[in-house]
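**Student:** Pasting a structure here, questions to come.
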Amino acid sequence: MDADIGDLIRKDAVHRSVYTDPKVFDLEMERIFDRTWVYLGHFSEIKERNDYKTTLIGRHPVIVSHLSDGTIAAVINRCRHRGATVCQHEFGNSRVFRCAYHAWTYGNTGKLIGVPHPEGYGKDFSREQLGLVKLPRIAMHRGFIFGSMAADGPSLDEHLGGTKQLIDEFCDISPTGEIEVFRGLQKCAYSGNWKFQLENGVDPYHVEFLHRSTFSRETLKIYNESSGTVIDMDGHGVTDHRDIGPMRRDGLPNGGFNVVIFPNLILLRTQIRIVRPISVNRTEIYTNVVKLPGLDEATNKFRLRTQEFEFGPSGVVFADDLEIFERAQAGLQSSAVEWLLVSRGIDRDRMQNGYLSGEMMDETQHRAMYRRWKEMMTSRAPAPSESAA
Numbered sequence: 360m361d362a363d364i365g366d367l368i369r370k371d372a373v374h375r376s377v378y379t380d381p382k383v384f385d386l387e388m389e390r391i392f393d394r395t396w397v398y399l400g401h402f403s404e405i406k407e408r409n410d411y412k413t414t415l416i417g418r419h420p421v422i423v424s425h426l427s428d429g430t431i432a433a434v435i436n437r438c439r440h441r442g443a444t445v446c447q448h449e450f451g452n453s454r455v456f457r458c459a460y461h462a463w464t465y466g467n468t469g470k471l472i473g474v475p476h477p478e479g480y481g482k483d484f485s486r487e488q489l490g491l492v493k494l495p496r497i498a499m500h501r502g503f504i505f506g507s508m509a510a511d512g513p514s515l516d517e518h519l520g521g522t523k524q525l526i527d528e529f530c531d532i533s534p535t536g537e538i539e540v541f542r543g544l545q546k547c548a549y550s551g552n553w554k555f556q557l558e559n560g561v562d563p564y565h566v567e568f569l570h571r572s573t574f575s576r577e578t579l580k581i582y583n584e585s586s587g588t589v590i591d592m593d594g595h596g597v598t599d600h601r602d603i604g605p606m607r608r609d610g611l612p613n614g615g616f617n618v619v620i621f622p623n624l625i626l627l628r629t630q631i632r633i634v635r636p637i638s639v640n641r642t643e644i645y646t647n648v649v650k651l652p653g654l655d656e657a658t659n660k661f662r663l664r665t666q667e668f669e670f671g672p673s674g675v676v677f678a679d680d681l682e683i684f685e686r687a688q689a690g691l692q693s694s695a696v697e698w699l700l701v702s703r704g705i706d707r708d709r710m711q712n713g714y715l716s717g718e719m720m721d722e723t724q725h726r727a728m729y730r731r732w733k734e735m736m737t738s739r740a741p742a743p744s745e746s747a748a
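In terms of this note's numbering, the sequence shown opens at residue 360 and continues consecutively.
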């Protein structure tokens with residue numbers, strides 16, 4: 360199948376089965392989400408000792424905990440007895456997780472600490488070998504927590520590449536140099552492939568048309584042909600339109616940048632957006648709204664309300680995007696045309712500051728993502744190994 364997968368990506372086009380074939384989706388879970396760094400959450404979500412949150416890495420349910428010794432742990436949310444998830448809450452504070460089925464109990468490190476009637480298992484039964492499975496690697500940069508199911512591979516710094524500097528700038532907007540997220544999540548889902556959201560997160564070309572009824576003429580000028588650049592940061596995508604336009608009401612520049620950190624993280628001006636693939640034609644989007652410590656409460660509240668109005672599940676911008684994702688998925692069911700174009704600007708890509716760049720409305724960043732996708736999908740790297748706490 361590797362040869363077939365490689366044939367699905369051309370330098371200027373993507374085959375429709377990349378979005379519609381369940382076998383391709385299964386391979387994405389194995390060769391992308393099981394092998395690279397995946398965003399898990401922000402430290403401010405679990406800032407107190409023994410705080411936890413639950414999330415996903417591909418198909419793996421995960422618990423991320425702030426341990427009593429100050430370190431961060433991430434384990435698979437799956438009882439080692441009969442497979443049920445041991446934690447049902449999205450957020451909380453606990454030193455232990457108990458499976459509701461047979462009351463097997465685990466510490467938040469993943470260690471198995473309680474089994475009812477253990478004598479029934481015989482003398483060779485070993486709790487030490489039956490802890491919750493640990494993620495082989497977990498790392499953090501500026502409060503952004505990432506995990507990997509692969510024991511080996513590039514470091515987080517290597518994975519982030521040039522986007523590491525953009526994460527720094529995203530945080531340095533805050534007067535304190537640190538960001539937090541508001542408690543809770545905005546959630547929505549759409550009947551379409553997960554990669555539509557990644558493409559759209561760095562796609563200025565659509566804004567003038569899909570969102571014309573929402574944005575003012577002045578705002579739309581930010582997204583014209585010459586207003587900035589799109590960048591291929593080693594497979595991650597960036598749209599950069601900093602220092603454009605007047606200051607906004609919240610005291611921040613009207614321009615900015617959007618960053619897609621492959622495979623599941625999007626940074627927008629006021630939000631951290633997490634892409635959760637569920638199936639080939641079902642995707643969940645979880646969004647954290649960013650709070651800037653050091654700003655007054657009224658300004659942070661304004662940021663929250665602006666985010667809700669524009670990008671909430673029924674927001675005036677995001678609703679347009681979700682609708683078009685579903686229309687695209689519906690259209691791709693037809694085999695009358697097999698290829699989707701990502702060729703815009705291909706003849707004017709240029710090297711700038713060490714990265715391949717294009718004009719604001721080009722598709723440089725989309726070609727970048729699919730080059731990385733193809734590289735990972737055709738790799739024969741070994742599957743992750745099981746490691747108990």
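For glycine and all other residues, C-beta sits at the position ideal for the given N, C-alpha and C. Remember, predicted model here, so these are calculated numbers, not experimental data.
Give me the Cβ distance between Gly469 and Lys493, rounded to the nearest whole Å; I'm assuming they're in contact under 8 Å.
**Tutor:** Your numbering for residue 469 matches position 110 in the sequence shown. Your numbering for residue 493 matches position 134 in the sequence shown. With a Cβ gap of about 6 Å, Gly469 and Lys493 count as contacting.
**Student:** What ranges does the alpha helix (DSSP H) occupy inside the segment 498 to 546, keeping only unbroken runs of at least 4 residues that lie completely in it?
**Tutor:** With a minimum length of 4 residues, the continuous alpha helix (DSSP H) runs that stay inside the segment 498 to 546 are 515 to 519, 522 to 531.
**Student:** How far does the alpha helix (DSSP H) with Val474 in it extend, from its first residue to its last?
**Tutor:** Taking the first residue of the sequence shown as position 1, residue 474 is located at position 115. Segment: none, Val474 is in no alpha helix (DSSP H) and carries neither H nor E.
**Student:** Could you tell me the distance, in whole angstroms, from the CA atom of Glu404 to the CA atom of His448?
**Tutor:** Reading the sequence shown from its first residue, position 45 is the one you call residue 404. Reading the sequence shown from its first residue, position 89 is the one you call residue 448. So the alpha carbons of these two residues sit roughly 13 Å apart.
**Student:** Who are the near neighbours of Gly653 in its chain, counting only those whose CB is closer than 8 Å to its CB and skipping five residues on each side?
**Tutor:** In the sequence shown, residue 653 corresponds to position 294, counting from 1. Counting only Cβ-Cβ distances below 8 Å, and skipping sequence neighbours, we find Ser533, Pro534, Thr535.
**Student:** Which residues does DSSP pair with Val619 in a beta bridge?
**Tutor:** Along the sequence shown, one-based indexing puts residue 619 at 260. For Val619, which the question treats as bridged, DSSP gives the partners Gly596, Ile625.
**Student:** Could you give the residue range of the beta strand (DSSP E) that holds Lys660?
**Tutor:** As a working note, residue 660 is residue 301 in the sequence shown. Careful: Lys660 lies outside any beta strand (DSSP E), inside the alpha helix (DSSP H) at 656 to 670.
**Student:** Name the two residues that bound the continuous beta strand (DSSP E) containing Pro381.
**Tutor:** Taking the sequence shown and counting its residues from 1, the one referred to as residue 381 is at position 22. Premise fails: Pro381 lies in the alpha helix (DSSP H), 381 to 387, not in any beta strand (DSSP E).
**Student:** In terms of DSSP beta bridges, what is Lys650 paired with?
**Tutor:** The residue you call residue 650 lines up with position 291 of the sequence shown. Per DSSP, Glu539.
**Student:** Residues in the same chain with beta-carbon distance under 6 Å from Asn647, minus the five sequence neighbours each way, listed in chain order, please.
**Tutor:** The sequence position of residue 647 within the sequence shown is 288, counting from 1. Counting only Cβ-Cβ distances below 6 Å, and skipping sequence neighbours, we find Val540, Ile631.
**Student:** Assuming Ile538 contacts His500 under a Cβ cut-off of 8 Å, what Cβ separation, rounded to an integer in Å, is found between them?
**Tutor:** As a first step, residue 538 is located in the sequence shown; it is residue number 179 there, counting from the start. As a first step, residue 500 is located in the sequence shown; it is residue number 141 there, counting from the start. That pair is no contact at about 12 Å.
**Student:** Does the beta-carbon of Trp396 have 16 or more other beta-carbons within 10 angstroms, so that it is buried, or is it exposed?
**Tutor:** In the sequence shown, the residue the question calls residue 396 occupies position 37. When all chains shown are included, Trp396 counts as buried.
**Student:** Between the alpha carbons of Ile435 and Leu515, how many angstroms are there, rounded?
**Tutor:** Here residue 435 refers to the residue found at position 76 of the sequence shown. Here residue 515 refers to the residue found at position 156 of the sequence shown. Answer to the nearest angstrom: the Cα atoms are 20 Å apart.
**Student:** Can you name the residues that DSSP bridges to His401?
**Tutor:** Here residue 401 refers to the residue found at position 42 of the sequence shown. According to DSSP, which records beta bridges pairwise, His401 is partnered with Phe503.
**Student:** When we look at the beta-carbon of Ala727 and count the other beta-carbons within 10 Å, is it buried (16 or more) or exposed?
**Tutor:** On the sequence shown, residue 727 is found 368 positions in, with the first residue counted as 1. It counts as buried.
**Student:** Hey, Thr413 and Ile422: beta-carbon distance below 8 Å or not?
**Tutor:** Start at 1 with the first residue of the sequence shown, and residue 413 comes out as number 54. Start at 1 with the first residue of the sequence shown, and residue 422 comes out as number 63. Going by C-beta atoms, Thr413 is nearer than 8 Å to Ile422.
**Student:** By how many angstroms is the C-alpha of Asn559 removed from the C-alpha of His440?
**Tutor:** Numbered from 1 along the sequence shown, position 81 holds the residue referred to as residue 440. Numbered from 1 along the sequence shown, position 200 holds the residue referred to as residue 559. For His440 and Asn559, the distance between alpha carbons rounds to 42 Å.
**Student:** Would you kindly work out how many angstroms separate the C-alpha atoms of Pro475 and Cys458, rounded to a whole number?
**Tutor:** If you number the sequence shown from 1, residue 475 lands on position 116. If you number the sequence shown from 1, residue 458 lands on position 99. Their Cα atoms are separated by approximately 11 Å.
**Student:** If you draw a straight line from the alpha carbon of Gly649 to that of Leu415, how long is it in whole angstroms?
**Tutor:** On the sequence shown, residue 649 is found 290 positions in, with the first residue counted as 1. On the sequence shown, residue 415 is found 56 positions in, with the first residue counted as 1. As written in the sequence, residue 649 is Val, which differs from the Gly given in the question. Cα-Cα distance, rounded: 21 Å.
**Student:** Suppose the cutoff is 7 Å on Cβ atoms and the five residues either side in sequence are ignored; what does the same chain contact list for His570 look like?
**Tutor:** On the sequence shown, residue 570 is found 211 positions in, with the first residue counted as 1. Result list for His570: Val676, Asp679, in chain order.
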